[in-house]
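Sequences listed follow chains A and B, in order. If you read the first sequence in my numbering, its first letter stands for residue 1, the second for the next number, and so on. If you read the second sequence in my numbering, its first letter stands for residue 267, the second for the next number, and so on.
There are 2 protein chains.
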Amino acid sequence: MKFEVMSSILPNSNNADAQAAGAGIASPAPTFSPLYQQIKALIMQRLEAGEWKPGELIPSEVELGGRFKVSQGTVRKAIDELAAENLVVRRQGKGTFVATHHETQAQFRFLRLMADSDEPQRPENKIIEVKRVRASAEVARQLDMKSGDSVIFIRRVKSFNGVPIILEDIWLPGAIFKGLTAERLVEYRGPLYGLFESEFGTRMIRAEERIRAVGADPDAAGFLGVTPQTPLLSVERASYTYGDKPVEMRRGLYLTTNHHYQSELS
Amino acid sequence: MKFEVMSSILPNSNNADAQAAGAGIASPAPTFSPLYQQIKALIMQRLEAGEWKPGELIPSEVELGGRFKVSQGTVRKAIDELAAENLVVRRQGKGTFVATHHETQAQFRFLRLMADSDEPQRPENKIIEVKRVRASAEVARQLDMKSGDSVIFIRRVKSFNGVPIILEDIWLPGAIFKGLTAERLVEYRGPLYGLFESEFGTRMIRAEERIRAVGADPDAAGFLGVTPQTPLLSVERASYTYGDKPVEMRRGLYLTTNHHYQSELS
DNA sequence: AAGTGGTCTAGACCACTTT
DNA sequence: AAGTGGTCTAGACCACTTC
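Below you can see the structure in the form of structure tokens.
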């Protein structure tokens, strides 16, 4: 808990109390940041620390304003940004809740593959393999670990309406996902990130994908029921939790004969 | 210019004046929208009408507040959203400007292909072909026209550091881009959307892309210097201007041997 | 009735830019 | 010095939810 602004830098009488709230900790950082950003950072720290867990209600804006000695409007602006980043969800009349991956609306936020037709798609996951391996140089780099560190490897196939469409390899840091077993994965219903969140206390916040066109290798061709060299979408994903800490690496091969990857540019 | 809220629906004394500003037009819409959304819509209408052109300064928040008979804070919230949608750019101390495609920062907003390495990429465009054609059924559907309507077709190749990477076909509504010639395209420096904006008064706001993996046809293989059936990224883009009116359709074939399409999930 | 987020106003001071 | 957007406060009323 700290405020980065000193009264001398930001001689705003309104801020005096807020600065006092962080009293005792002299900040070495010379960079300015507005009060609401500092409040946002404070709330984010508490989210990260698990003070309020996914799905739970956080204190009201008035309550937080009192706690941090700032006006409700300032807390509001802080929470506005947290809501824009999907860390938190507002519900009028009820309050503000910590975002969770256990919601129908969140199911498709991280799967951008859409059917060309508008027929309903019954998704189905099949776990092919789960094993503990040593991190390769590339996996170690992506997950911010050392080469040879323990990593959990998952291979699965996602089908739509019974037709295999995605072959996906997933690498997870062994230290974080210690007790993860094939049995648990097979029996679990719902999105993987929901499992990570509720059983391993690791909430995925943000991801980046790198997309390429590749030819199917014999292995992939077998799983997807196509001939080798069939063009496939290669989707490499790096997932991050609080503080941009990497927590997952994926590589998916998407069959895009009757599906497409949807991207919004704005 | 209209307000969708009647005093009886929104009995906020603060709004009374704002409602009066739209006086004379009875609104049939029964849906509620907050004042700042109405202000936002009003400003958007003026942007669309070209009252303030791209790159120009729009009136200050105080000025607009006076004009619409609402407080500066309400105008601010309206402009906040317009800025978030990239319709407008704020500059502290200067004012708020209509966004434009003639800015270095905007150059890469609509090209998500990145080099795998971090070597500098010298881009280069080569116009292959420009011709007037009749809209096929699919083009007509995408551009919201009738089959057979006049369409301008452009084919070009984009190279990085002298190596051809993208073959792109572009379809434009003939009615909007009437005077567009191959000569003008060849001599024009800078992003295509900049040309559209300053010479045809059509500003692209938003786009959607559908991505697939395909095998190179002989034609494409020739332009990109690869063998037929080489996997390529097929990127179909639909571009929209104000009011979600389609103004462009594209189909790019990206060679992703040393490049990748970058996508942020959040 | 009480509490919550959602909207709106009014006024103040700040940092930045231009005159 | 004057004008602009950026931040912060304080207070009001609203719509929605729960008790």
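All residues carry an ideal CB built from backbone N, CA and C; glycine is no exception.
Would the beta-carbon of K131(A) fall within 8 Å of that of F153(A)? yes
Say whether chain B places a C-beta atom closer than 8 Å to the C-beta of F68(A). no
Taking 8 Å as the CB-CB limit, is Q338(B) close to chain A? no
List, in chain order, every chain B residue whose beta-carbon is nearer than 9 Å to that of Q92(A). None at all; the shortest Cβ gap to chain B is about 12 Å.
Exposed or buried, which one is R91(A) when buried takes at least 16 other CB atoms within 10 Å? exposed
With a 10 Å radius around its C-beta and 16 neighbouring C-beta atoms as the bar for buried, classify S532(B) as buried or exposed. exposed
Residues of chain A with a CB under 8 Å from the CB of V355(B): which are they? Under the 8 Å cutoff, chain A gives no residues; its nearest Cβ is about 14 Å from V355(B).
Quick one: Cα of R212(A) to Cα of L57(A), how far? 41 Å
Mind listing, in chain order, the continuous alpha helix (DSSP H) runs of no fewer than 4 residues lying wholly within the region 170-228 of chain A? 182-187, 192-200 and 218-224
A372(B) CB to nearest chain A CB: under 8 Å? no
Enclosing alpha helix (DSSP H) for T340(B) [first to last residue]: Q338 to A350
Suppose the cutoff is 7 Å on Cβ atoms and the five residues either side in sequence are ignored; what does the same chain contact list for A84(A) look like? none
Considering just the uninterrupted stretch of the beta strand (DSSP E) at A135(A), what are its terminal residues? That residue, A135(A), is in no beta strand (DSSP E); it is neither H nor E in DSSP.
In or out: I25(A) buried (at least 16 other Cβ within 10 Å) or exposed? A caution first: I25(A) carries a pLDDT of 34, below 50, which makes its placement in the model unreliable, though a value can still be read off. I25(A) is exposed by the Cβ-count criterion.
Own chain, CB closer than 7 Å to A21(A), minus 5 neighbours either side, in chain order: Per-residue confidence for A21(A) stands at a pLDDT of 35, beneath the threshold of 50, marking its modelled position as unreliable; the derived number appears in the next sentence. Taken in chain order, the residues that qualify are F68 and K69.
Classification of F376(B) by the beta-carbon crowding that lies within 10 angstroms, buried from 16 upward: buried
In chain A, which residues lie less than 8 Å from I477(B) when you measure between Cβ atoms? I211, L233, T256, H260, Y261, Q262 and S263
CA-to-CA distance, A140(A) to Q495(B), given in whole angstroms: 34 Å
The alpha helix (DSSP H) spanning F334(B) covers which residue range? E327 to F334
For M289(A), which three-state DSSP category applies? With chain A running from 1 to 266 in the structure shown, residue 289(A) is simply not present.
Using beta-carbon positions only, say whether V98(A) and P59(A) come within less than 8 Å of one another. no
Whole-angstrom distance between W437(B) and D280(A), CA atom to CA atom: The structure shown has nothing for residue 280(A), since chain A only spans 1 to 266.
With respect to the beta strand (DSSP E) encompassing L265(A), which residues constitute its N-terminal and C-terminal limits? H259 to L265
Alpha carbons only, please: which of I394(B), F374(B) and E395(B) is nearest the one belonging to Q387(B)? F374(B)
First and last residue of the alpha helix (DSSP H) that includes R422(B)? Where R422(B) is concerned, there is no enclosing alpha helix (DSSP H), although the beta strand (DSSP E) it sits in stretches over S416 to F426.
Quick one: residues in its chain with C-beta nearer than 6 Å to the C-beta of T366(B), no 5 flanking neighbours on either side, listed in chain order? P320 and G321
Using three-state DSSP, classify L301(B) as helix, strand or coil. helix
Let me know the secondary structure DSSP gives A233(B) once reduced to three states. Residue 233(B) lies beyond the stretch modelled for chain B, which goes from 267 to 532, so this question has no answer here.
When the cut-off is 8 Å and only beta carbons count, does E138(A) lie next to chain B? no
Can we say the region 186-203 of chain A touches the region 498-515 of chain B, given the rule of at least three CB pairs closer than 8 Å? no
Could you compute how far the alpha carbon of R517(B) sits from the alpha carbon of E434(B)? 6 Å
Beta-carbon contacts of F269(A) that lie in its chain and below 7 Å, excluding the five residues immediately before and after: Here chain A has residues from 1 to 266 only, and residue 269(A) is not among them.
In DSSP terms, what T96(A) is bridged to: I58(A) and R90(A)
Just to make sure I have the definition right: I need the residues of chain B whose C-beta is within less than 9 Å of the C-beta of A49(A). Which are they? Here the premise fails: no neighbours, minimum Cβ distance about 22 Å.
Would a C-beta distance cut-off of 8 Å place Q408(B) and A504(B) closer than the cut-off? yes
Proximal residues of chain A, C-beta to C-beta of F376(B) below 8 Å: L265
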